[in-house]
Amino acid sequence: MPLSRTLSMSSLPGLEDWEDEFDLENTVLFEVAWEVANKVGGIYTVLQTKAKVTGDEWGDNYYLVGPYTEQGVRTQVELLEPPTPALKKTLDSMNSKGCKFLAQNEKPHVVAHFHEWLAGIGLCLCRARRLPVATIFTTHATLLGRYLCAGAVDFYNNLENFNVDKEAGERQIYHRYCMERAAAHCAHVFTTVSQITAIEAQHLLKRKPDIVTPNGLNVKKFSAMHEFQNLHAQSKARIQEFVRGHFYGHLDFNLDKTLYFFIAGRYEFSNKGADVFLEALARLNYLLRVNGSEQTVVAFFIMPARTNNFNVETLKGQAVRKQLWDTANTVKEKFGRKLYESLLVGSLPDMNKMLDKEDFTMMKRAIFATQRQSFPPVCTHNMLDDSSDPILTTIRRIGLFNSSADRVKVIFHPEFLSSTSPLLPVDYEEFVRGCHLGVFPSYYEPWGYTPAECTVMGIPSISTNLSGFGCFMEEHIADPSAYGIYILDRRFRSLDDSCSQLTSFLYSFCQQSRRQRIIQRNRTERLSDLLDWKYLGRYYMSARHMALAKAFPEHFTYEPHEADATQGYRYPRPASVPPSPSLSRHSSPHQSEDEEEPRDGPPDVDEERYDEDEEAAKDRRNIRAPEWPRRASCASSTGGSKRSSVDTAPSSSLSTPSEPLSPASSLGEERN
257 MPLSRTLSMS
267 SLPGLEDWED
277 EFDLENTVLF
287 EVAWEVANKV
297 GGIYTVLQTK
307 AKVTGDEWGD
317 NYYLVGPYTE
327 QGVRTQVELL
337 EPPTPALKKT
347 LDSMNSKGCK
357 FLAQNEKPHV
367 VAHFHEWLAG
377 IGLCLCRARR
387 LPVATIFTTH
397 ATLLGRYLCA
407 GAVDFYNNLE
417 NFNVDKEAGE
427 RQIYHRYCME
437 RAAAHCAHVF
447 TTVSQITAIE
457 AQHLLKRKPD
467 IVTPNGLNVK
477 KFSAMHEFQN
487 LHAQSKARIQ
497 EFVRGHFYGH
507 LDFNLDKTLY
517 FFIAGRYEFS
527 NKGADVFLEA
537 LARLNYLLRV
547 NGSEQTVVAF
557 FIMPARTNNF
567 NVETLKGQAV
577 RKQLWDTANT
587 VKEKFGRKLY
597 ESLLVGSLPD
607 MNKMLDKEDF
617 TMMKRAIFAT
627 QRQSFPPVCT
637 HNMLDDSSDP
647 ILTTIRRIGL
657 FNSSADRVKV
667 IFHPEFLSST
677 SPLLPVDYEE
687 FVRGCHLGVF
697 PSYYEPWGYT
707 PAECTVMGIP
717 SISTNLSGFG
727 CFMEEHIADP
737 SAYGIYILDR
747 RFRSLDDSCS
757 QLTSFLYSFC
767 QQSRRQRIIQ
777 RNRTERLSDL
787 LDWKYLGRYY
797 MSARHMALAK
807 AFPEHFTYEP
817 HEADATQGYR
827 YPRPASVPPS
837 PSLSRHSSPH
847 QSEDEEEPRD
857 GPPDVDEERY
867 DEDEEAAKDR
877 RNIRAPEWPR
887 RASCASSTGG
897 SKRSSVDTAP
907 SSSLSTPSEP
917 LSPASSLGEE
927 RN
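Residues 257 to 928 in my numbering are what the sequence shown spells out, letter by letter.
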């Protein structure tokens with residue numbers, strides 16, 4: 257049963273009208289987390305990107321508390337002297353014999369915000385010792401939820417039926433689960449990052465979150481639309497250089513007709529949807545082959561795993577590529593010198609004398625060096641558990657070995673990307689910009705920073721209706737796929753049907769022309785405002801104000817926002833021609849009533865003039881936000897439950913590509 261929305265994503269269009277009436281001059285905010293200056297997972301990104309907007313609100317009264325690590329001190333922070341005598345005395349006292357407030361003036365009101373169960377023990381102690389502190393607890397994912405989903409359980413359809421104590425005990429996490437649950441119940445304000453995680457927390461932690469606080473990013477807007485398109489082209493060229501070396505000897509496909517897909521994140525094979533992605537790639541490979549497509553797909557898996565070194569064949573490939581480049585440059589310089597000398601004397605060169613035998617011998621040796629009998633490697637590193645690794649085991653089963661006949665190539669990079677790598681010398685942001693599509697078919701994803709990062713960089717992505725990001729976008733955009741946000745249904749479909757739907761998304765994307773992909777990237781990038789902390793940071797602001805009002809009611813009041821002003825607004829479909837040759841597909845039957853009928857085939861639009869400014873102006877006119885009545889106080893929306901992304905009826909399943917049909921019939925989806 258979905259939660260009634262207290263302060264959720266539905267109120268986003270009204271955020272600019274909020275007015276802050278809280279006096280924060282005599283208040284102090286401590287934000288406590290294990291990932292402060294300590295990169296472990298996504299919470300590090302939350303804190304790092306949110307620091308600016310929080311610092312702008314609180315100024316010098318904002319403090320982050322985390323573990324002390326030598327690496328973190330060297331690379332993440334700058335050691336400074338305490339800015340005030342009171343803080344210096346407090347720190348000195350803590351170092352010597354414990355903590356005691358030594359300031360002589362009026363004591364400030366303290367807000368302590370704890371992230372995840374690792375920091376939650378501090379919250380429990382604050383309440384147990386009756387400290388005058390307003391406390392907030394944010395869970396970015398529940399412990400038990402992550403463990404249950406990893407165990408191939410029908411999690412979301414059985415939330416009400418789990419014996420949580422029994423399940424936690426069987427998985428030997430009962431002590432951690434109790435700490436998480438205690439922190440959720442002790443906090444003045446309990447928040448979580450998405451509506452679907454709020455439902456999960458209500459059933460597993462037995463408390464309904466007070467506020468949903470979606471995660472944001474720092475959005476850098478470009479002055480001209482073509483700037484980020486140029487960045488895409490530059491980054492793609494870097495990836496192409498790696499592909500040339502990796503597939504040396506088998507580079508029998510056109511790089512200009514090659515698309516780069518990727519999945520990245522923590523190595524949780526089922527939770528992150530790597531199993532579904534691999535199965536969909538096998539089906540996509542089948543469809544591209546039987547339909548005679550010239551398109552090639554290179555799919556990257558960026559998931560850190562246990563390795564002991566680089567794969568020798570992979571290193572050799574990059575060495576061969578560099579050697580070929582040096583050989584070509586040497587011959588080019590000799591050719592250019594002879595051509596220059598011939599033109600100086602006023603005669604056309606004799607092409608038979610431009611290259612001598614030594615040059616031909618050098619080129620023949622270079623060509624011979626590119627010959628190899630084995631297929632290009634799937635994995636770029638030597639895995640410690642090669643025989644039992646889930647990704648490699650699945651690749652062996654589905655038969656994607658990077659053969660010449662395959663239209664889908666797979667590269668497993670079991671290490672985080674780095675610009676200093678001898679294999680693929682790019683950082684993660686540059687790699688994402690160079691790809692065409694991010695694929696994140698997660699089964700358990702409380703928020704999902706990877707597709708959000710794709711959106712901010714203008715890269716289309718596939719998410720699910722079981723991820724916080726997918727629900728957020730499905731709630732705010734009437735036709736997400738038209739903006740490059742494909743929502744895969746993993747809530748009401750079987751695993752096989754979800755694979756079929758993902759295959760249809762991938763095949764549809766492969767059918768797009770270059771111009772259509774450019775239009776879609778422009779639209780995707782324009783959605784980045786939805787994910788900017790300058791808007792989403794208001795939810796954290798409201799949570800802190802609510803906590804102050806609960807902990808210090810004699811000094812602070814908190815009046816909830818009326819619900820009717822900000823309900824139900826969604827971005828409509830784009831005003832211009834749909835960028836995809838196939839009809840937009842939804843994971844839920846709740847669609848707009850004025851959608852077009854499917855087209856018979858892809859429109860031939862490559863020769864049409866495309867004006868980026870005109871295209872942007874069309875969409876801006878079409879997505880103009882309504883004018884909400886202004887509110888006199890900072891508040892939240894408390895009434896009127898709206899449709900949740902998971903509160904939908906099952907949609908019809910797609911045909912599987914096991915029997916060859918035309919793309920229009922085999923990949924079409926019945927609209928409800």
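Just so it is clear, CB atoms sit at the ideal spot from N, CA and C, and this is done for glycine as well.
This one's a predicted model, so the numbers in the text were calculated from it and none came from an experiment.
Status (buried if at least 16 other CB within 10 Å, exposed otherwise) for residue i
i           : result
residue 408 : exposed
residue 913 : Note that residue 913 scores a pLDDT of 38, beneath 50, so its modelled location is shaky; the value from the coordinates is reported in the next line. Buried, because 16 or more other Cβ atoms sit within 10 Å of the Cβ of residue 913.
residue 900 : For residue 900, the pLDDT reaches just 38, beneath the cut-off of 50, and the residue's location in the model is therefore unreliable, although a value from the coordinates is still provided. Buried is the call here.
residue 339 : exposed
residue 773 : buried
residue 426 : exposed
residue 491 : buried
residue 377 : exposed
residue 308 : exposed
residue 675 : exposed
residue 781 : buried
residue 300 : buried
residue 655 : exposed
Whole-number beta carbon distance between residue j and residue i, since they are thought to touch under 8 Å
i           : j           : result
residue 525 : residue 556 : Going by Cβ atoms, the distance from residue 525 to residue 556 rounds to 16 Å, so no, they are not a contact pair.
residue 696 : residue 673 : Contact flag wrong, Cβ pair sits at about 16 Å.
residue 636 : residue 599 : In fact, because the Cβ distance is near 46 Å, the residues do not count as touching under 8 Å.
residue 776 : residue 740 : 5 Å
residue 212 : residue 787 : This structure gives no information on residue 212, because the portion of the chain shown stretches from 257 to 928.
residue 737 : residue 745 : Wrong, their Cβ atoms sit about 13 Å apart, outside the cutoff.
residue 594 : residue 610 : 5 Å
residue 466 : residue 449 : Rounded, the Cβ-Cβ distance is 13 Å, inconsistent with contact.
Backbone CA spacing between residue i and residue j [nearest angstrom]
i           : j           : result
residue 626 : residue 580 : 9 Å
residue 483 : residue 707 : 21 Å
residue 815 : residue 809 : 12 Å
residue 779 : residue 742 : 13 Å
residue 470 : residue 792 : 6 Å
residue 415 : residue 456 : 7 Å
residue 722 : residue 528 : 11 Å
residue 421 : residue 400 : 10 Å
residue 812 : residue 382 : 20 Å
residue 650 : residue 520 : 17 Å
residue 709 : residue 563 : 27 Å
residue 435 : residue 373 : 6 Å
residue 366 : residue 284 : 5 Å
residue 315 : residue 512 : 50 Å
residue 265 : residue 324 : The predicted position of residue 265 is uncertain, since its pLDDT is 39 and thus under 50; no value can be drawn from it.
residue 531 : residue 803 : 42 Å
residue 402 : residue 796 : 24 Å
residue 380 : residue 454 : 21 Å
residue 949 : residue 604 : No answer is possible for residue 949: it lies beyond the span of the chain, which begins at 257 and ends at 928.
residue 510 : residue 419 : 55 Å
Selected residue, minimal CA-CA separation from residue i, among the options
i           : options            : result
residue 391 : 805, 680, 811      : 805
residue 661 : 558, 546, 758      : 546
residue 628 : 642, 612, 599, 659 : 659
residue 646 : 523, 764, 615, 730 : 523
residue 623 : 755, 505, 652      : 505
residue 587 : 566, 561, 617      : 617
residue 756 : 719, 372, 540      : 540
residue 689 : 398, 488, 569, 740 : 488
residue 590 : 751, 615, 352      : 615
residue 387 : 472, 395, 364      : 364
residue 406 : 576, 462, 423      : 423
residue 395 : 770, 713, 702      : 702
residue 343 : 326, 317, 322      : 317
residue 497 : 289, 454, 453, 682 : 682
residue 582 : 552, 621, 569      : 621
residue 332 : 419, 430, 292, 677 : 292
residue 282 : 288, 375, 313      : 313
Residue-chain proximity (residue i, chain C), Cβ-Cβ < 8 Å
i           : result
residue 593 : No chain C appears in the structure shown, which is made up of a single protein chain.
#### Entry: Secondary structure, alpha helix (DSSP H): runs of 4+ residues fully inside the segment 638-664
Fully enclosed alpha helix (DSSP H) runs of 4 or longer: 646-654.
Within the segment 661-692, note down every full alpha helix (DSSP H) run reaching 4 residues or more, in order along the chain. For the alpha helix (DSSP H) assignment, the uninterrupted runs of no fewer than 4 residues enclosed by the segment 661-692 are, from N- to C-terminal side, 684-690.
Item checked: Contained alpha helix (DSSP H) runs [length at least 4] in the segment 728-780, N- to C-terminal order -> As far as the segment 728-780 is concerned, its whole alpha helix (DSSP H) runs of at least 4 residues are 751-766.
Hey, which unbroken runs of the beta strand (DSSP E) at 3 residues or more fall wholly within the segment 319-384? Inside the segment 319-384, DSSP marks whole beta strand (DSSP E) runs of 3 or more residues at positions 365-371, from first to last along the chain.
| message | For a minimum of 3 consecutive residues, which ranges assigned as the beta strand (DSSP E) are wholly contained in the segment 551-580? | response | Runs of the beta strand (DSSP E) inside the segment 551-580: 552-558, 563-566.
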